[in-house]
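Asker: First, the structure itself, so that you have it in front of you.
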């Protein structure tokens, strides 16, 4: 069932809303003049009216019963924010120039995650467009936008979205997003967006007046769970499915990143994620271009990314937090909170081998067995990173690795990621070692809510950051500090790190070892007290050996990788990348002793013959 | 991890208890003399002590911290009920005589569900043993005992069990159960027991003092859910797995019926039911005889009974409530509560074809889409019935079909069940049309709890039974009324119904059409305004045609079942079974008109050549 207002092209609009709680529902035009039209009840709690005299650009609310006036849950635009009326959008008005766009295959993606508000000085879609040449030059071929659904105020990560179908007004609204996607496609860049189906924002969410969007059956970190399996859940399920389809259809979005699916509780016989995957597949088939679903999941549950034919949910890929944690804990030495489950080279090797580190082994942090095997799943089922908005931002001070590790280690983390058989994801600014933090920020208008967020935030991080002064999430200076400072990009170290990333991306895209994504064709050797990893990966016609030093000291290494003799193709300690010079040989041979520099990362390619 | 007290055979016992909440744990012998021994902490919250001077028959409690004294959560016997001490049991003392027992294959089972307390005059295991010759003569080859885990008092369906490992003292305790199982096996009868892993009884449950057995993550009809996926859940999971294994190992139980698995909430990567299935499989393999798991499930979710290799939970079979509801609503005309989703012959045909009637179609009762397809699942995945403890007992007055339908219709329901490709289950007394109700009864000692149950019960059935006086669940007369009255068994109608059941069971066991359990080899024809069903089922060498009249009137029928000419092998309207005489022919031919009597049930076998 299509939802919301649809401009019909003849001065008339039709409206559909799901409101099973209500006995009468009307649509009330509030701008440019006032008018009210009684809607008709349909099957399963839907209300509908056609032929309302209303042009695109008109603003409206729904009148529920005798007095309650509410914006449209499926509003496409909230020009005055979460508390204001909804605006009729005419999607046919935009002239798309991407008809030749064929998309980027998921397995070929190199993803760049960004937050629209802090990525560019403008903090808008327009600001991103200005950086597309930069991104193309960097080599990435997909951007992933943090959530765009209308949230309260102008400063928010996006996870407080209250209108799932409405593009944030302060970012540029629906037309701004279309322009961005169109430009991206012309630059050969796919657009992924982050969508939140596990909860609704705490301010400006009025959907509970329309129907049972929530259930008390499950308790989530955000309160009552979204109702995916109880009475009337079909209306809620349709709401999110239509939402996904709307991004694909109206905005030409290439893939959705599904936020925190471990917060989507559904014990029904058809999990909403499976239905979402089926509907996405159907849309892809009908529209000649594959659209993807990528889950953020804390479950390490292989059924999420197992194909539907094998009784999985059929989600195309998921983020591997385990990979991140393995790298982070190994290099920073942090062991608090969830990092207590990581920290050794063995964890990283397991992440390289399987994607998950926890495959039904005991997690000290969770105090239970956790996860399932991913050994049978293909490598393209995992998106990995060494930094992302969550892992940076969910620290009290929002520190990036550039603030936690020496410069040389940043190149290493890049190498670690690109050597993996999985889909790499960068977080904006990572590539030039941005020093700007990514802290938590909001701009709610409800003072009680602001206080609750401030207190909750301080409590949440009490363990990890004892004694430090918490930044004020509501303060505009907190937000301002998070804006990328592009002026540093030409400065020493920043420029070399950027060049190193570009080179790694170039290698990642051209070598068959990487593009084949075969996680089985690899071997691992831990040396020097498990501080040095020798990672070998091969394809039919190429054989690569990477030696990585996770120690802050230079250490001797003897690799026993039999018969591997090869020449170096990249070395992070080279002066070219701002290093102090390497002592690793240009040509490597087995069973010889070499010395590797602190955090040095190298790749050798095997001699043919 | 093995749990509870184990008598070691040399005057010594060892004890293991899971109590991660506690800082100190001791075992305190309370009978025949007092003694206390400090236990030692082990990994993951377990406490253990070996070589405690204590014989089988000694009674004990655990002392938690400085003052709290509690029975053993894994107690094998509570001689003085749920609030008393636990008793050490020596399982090696029983002399088993069933070493030649090979079990009954699940697909061959004809199950007889019984409630120990009301089945026999004695209300004990001993009372069941006295009836084994009767049951063998009836033809069933498996009995399913309603839950035996120690509950409060002496009168209870069993779903208020507080000690999962302890056999109800008033039924005969551990030795009584062993004697029953041993006798059954010598009679060629398998023993299934009903186990409850979705909640613990409201009285006498002290496990929460030991560890986090419950979680607030999910809200169930019984309050907080059992903790299968949160911190420390491994201790709870081990508890139920050890419990299942204990029934198999210590009591030679053939199969477990898992109560209401829709109340087992587990979002972890390995569902507890899957782990239970894996451990049951492992036990079966190690012990040379297959043990089965049968779920009661309200989910219509095929993953429950899909093999683990296909990413299912691997439960062997499940009850099909849909089959019951389809028959019940069709014959009684009841449409209240969940019966509103049933009532037509089409529902019954779907149940025959798939096992589930709701396969992701809209349920008016649930107000949502419900279920998944079972078309790919084999017929032996479903246990069906037309009566069981729930469907009789979950009515305010506990009426059996014998109190709701005419005598002729009782034979029809029997025929409907046995004609299905699924595993049949009878509820005690059904076979002779017992007139005793099966009402809800308890014998709690906590007056607040008794009041709450009384009120809750009245509320629950307000819709279905307006105006009727509710029986008092706590009253002993309510229980007494539910005891089977065996003296009626030789009386008219009762005796003929019993003979009819015997004959149907005999046919069910001998015909290849039935024993092959091929649900695909069947066709359905609805006649006479969808009141008459012509069900044809065939195997390689036999072809059966059943004509069933669900109407209270005699109606004309013309079956178009091409080329089926056959002779009648059973007819419920025959005087032999207490009927008034049939007008259906001895030899049936296609396209001829016959008249079928009210509720008449017939089977014809096709002429060979």
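Residue numbers (the working numbering), protein chains in the order written: chain A, 21 to 629; chain B, 21 to 629.
Note that beta-carbon positions come from the ideal geometry of N, C-alpha and C, so glycine has one too.
1) Below 8 Å CB to CB, which residues in the same chain sit around residue 562 of chain A once its five sequence neighbours on both sides are set aside?
2) Go ahead and label residue 78 of chain B buried or exposed: buried means 16 or more other beta carbons lie within 10 angstroms of its beta carbon, across all protein chains shown.
3) What residues in its chain sit with their C-beta under 6 Å from that of residue 285 of chain B, if we drop five residues either side in the sequence?
4) Tell me whether residue 162 of chain A is buried or exposed, calling it buried when 16 or more other Cβ atoms sit within 10 Å of its Cβ.
5) Any chance the segment 203-215 of chain B sits against the segment 137-153 of chain B, with 3 or more Cβ pairs inside 8 Å?
6) So residue 326 of chain A contacts chain B; which residues on that side make the cut at Cβ distance below 7 Å?
7) Spatial neighbours of residue 95 of chain A within its chain, please: C-beta separation below 7 Å, excluding the five flanking residues on both sides.
8) Note down, in chain order, all residues in the segment 380-414 of chain A with a beta-carbon under 8 Å from any beta-carbon belonging to chain B.
9) Exposed or buried, which one is residue 305 of chain A when buried takes at least 16 other CB atoms within 10 Å?
10) Using only CA atoms, which one of A:198, A:181 and A:419 lies nearest to residue 218 of chain A?
11) With 8 Å as the C-beta to C-beta threshold (strictly closer), list the residues of the segment 297-325 of chain B near chain A in chain order.
12) Strictly under 8 Å for the Cβ-Cβ distance: is residue 359 of chain A near chain B by that measure?
13) Within 8 Å (strictly less), CB to CB, does residue 254 of chain B reach chain A?
14) Output needed in chain order: residues of the segment 228-242 of chain A with a Cβ under 8 Å from some Cβ in chain B.
15) For residue 290 of chain A, which residues in chain B fall below 7 Å Cβ to Cβ?
16) So, for residue 22 of chain B: in the same chain, excluding its five sequence neighbours on each side, which residues have a beta-carbon less than 8 Å away from its beta-carbon?
17) Write down the C-beta distance between residue 520 of chain B and residue 395 of chain B rounded to the nearest angstrom, noting that I regard them as a contact closer than 8 Å.
18) Of all the options A:234, A:240 and A:232, which has the alpha carbon lying nearest to the alpha carbon of residue 235 of chain B?
19) Determine which residues share a DSSP beta bridge with residue 51 of chain A and list them.
20) Who are the Cβ neighbours of residue 280 of chain A in its own chain at under 6 Å, not counting the five residues just before and after it?
21) Measure the beta-carbon distance from residue 503 of chain A to residue 141 of chain A and round it to whole angstroms, keeping in mind my assumption that it falls under 8 Å.
22) Rounded to whole angstroms, what's the CA-CA distance from residue 441 of chain B to residue 398 of chain B? Just pull it up for me.
23) List the endpoints of the continuous beta strand (DSSP E) containing residue 546 of chain A.
24) Determine the extent of the alpha helix (DSSP H) in which residue 136 of chain B is found, giving its start and end residues.
25) So residue 267 of chain B is in the alpha helix (DSSP H); what residue range does that whole segment cover?
26) If you draw a straight line from the C-alpha of residue 129 of chain A to the C-alpha of residue 275 of chain A, how long is it?
27) Between the Cα of residue 49 of chain B and those of B:60, B:62 and B:91, spot the shortest distance and give me the residue it belongs to.
28) Verify the CB distance criterion: does residue 285 of chain B have a CB-CB separation below 8 Å to chain A?
29) Distance, Cα to Cα, residue 42 of chain B vs residue 379 of chain A?
30) So the beta strand (DSSP E) residue 338 of chain A belongs to, where does it begin and stop?
31) Where does residue 148 of chain A land, buried or exposed, given buried means 16+ other C-beta within 10 angstroms?
32) Between residue 251 of chain B and chain A, is any beta-carbon pair separated by less than 8 Å?
33) Sorted by chain position, which residues of the same chain lie with C-beta nearer than 7 Å to residue 436 of chain B's C-beta, five sequence neighbours on each side aside?
34) Using a threshold of 8 Å, state whether the C-beta atoms of residue 334 of chain B and residue 294 of chain B are closer than that.
35) Quick one, which of B:523, B:514 and B:81 has its alpha-carbon nearest residue 438 of chain B's?
36) Out of A:576, A:513 and A:546, state which residue places its alpha-carbon closest to the alpha-carbon of residue 594 of chain A.
Answerer: Taking the geometry as given:
1) Excluding sequence positions up to five before and after residue 562 of chain A, its CB lies within less than 8 Å of the CB of 531, 532, 533, 625 and 626, all in the same chain and listed in chain order.
2) So residue 78 of chain B ends up on the buried side.
3) The residues are 238 and 245.
4) By the Cβ-count criterion, residue 162 of chain A is buried, with 16 or more other Cβ atoms from all chains shown falling within 10 Å of its own Cβ.
5) Under the three-pair Cβ rule at 8 Å, the segment 203-215 of chain B counts as touching the segment 137-153 of chain B.
6) For residue 326 of chain A, the chain B residues whose C-beta falls within less than 7 Å of its own C-beta are 331, listed in chain order.
7) Hits under 7 Å: 24, 106, 183, 185 and 186.
8) For the segment 380-414 of chain A, the set of residues with a beta-carbon nearer than 8 Å to any beta-carbon of chain B comprises 380, 382, 386, 387, 388, 389, 390, 391 and 392, in chain order.
9) Residue 305 of chain A is exposed by the Cβ-count criterion.
10) Answer by Cα proximity: A:181.
11) The segment 297-325 of chain B vs chain A, Cβ under 8 Å: 319, 320, 321, 322 and 323.
12) With 8 Å as the cut-off, residue 359 of chain A does not count as an interface residue toward chain B.
13) It does: the Cβ of residue 254 of chain B has a partner Cβ on chain A nearer than 8 Å.
14) Within the segment 228-242 of chain A, those residues whose Cβ lies closer than 8 Å to any Cβ of chain B are, in chain order, 236, 237, 238 and 239.
15) Under the 7 Å cutoff, chain B gives 380 and 392.
16) Apart from sequence neighbours up to five positions away, the residues of its chain that approach residue 22 of chain B with a beta-carbon distance below 8 Å are 36 and 262, ordered along the chain.
17) Wrong, their Cβ atoms sit about 32 Å apart, outside the cutoff.
18) Ranking the options by Cα distance to residue 235 of chain B, first place goes to A:240.
19) DSSP lists A:79 as partners of residue 51 of chain A.
20) Excluding sequence neighbours, residue 280 of chain A sits near 218 and 316.
21) That belief holds up - the Cβ atoms of residue 503 of chain A and residue 141 of chain A are roughly 7 Å apart, short of 8 Å.
22) Approximately 9 Å between the Cα atoms of the pair.
23) Unbroken beta strand (DSSP E) run through residue 546 of chain A: 542-547.
24) Looking at the DSSP string, the run of the alpha helix (DSSP H) that includes residue 136 of chain B is 136-139.
25) 253-271 is the span of the alpha helix (DSSP H), which, as asked, contains residue 267 of chain B.
26) As the crow flies, the alpha-carbon of residue 129 of chain A is around 11 Å from that of residue 275 of chain A.
27) Out of B:60, B:62 and B:91, B:91 has the C-alpha closest to the C-alpha of residue 49 of chain B.
28) Yes, its Cβ sits closer than 8 Å to a Cβ of chain A.
29) A direct Cα-Cα distance of roughly 29 Å separates residue 42 of chain B from residue 379 of chain A.
30) Element bounds for residue 338 of chain A: 337-339.
31) It is buried - the Cβ of residue 148 of chain A has at least 16 other Cβ atoms within 10 Å.
32) So, interface residue.
33) Within the same chain, residue 436 of chain B has close Cβ partners 347, 406 and 568.
34) Contact annotation: residue 334 of chain B and residue 294 of chain B have beta-carbon atoms nearer than 8 Å.
35) Closest option to residue 438 of chain B, Cα to Cα, is B:523.
36) For residue 594 of chain A, the nearest C-alpha among the options comes from A:513.
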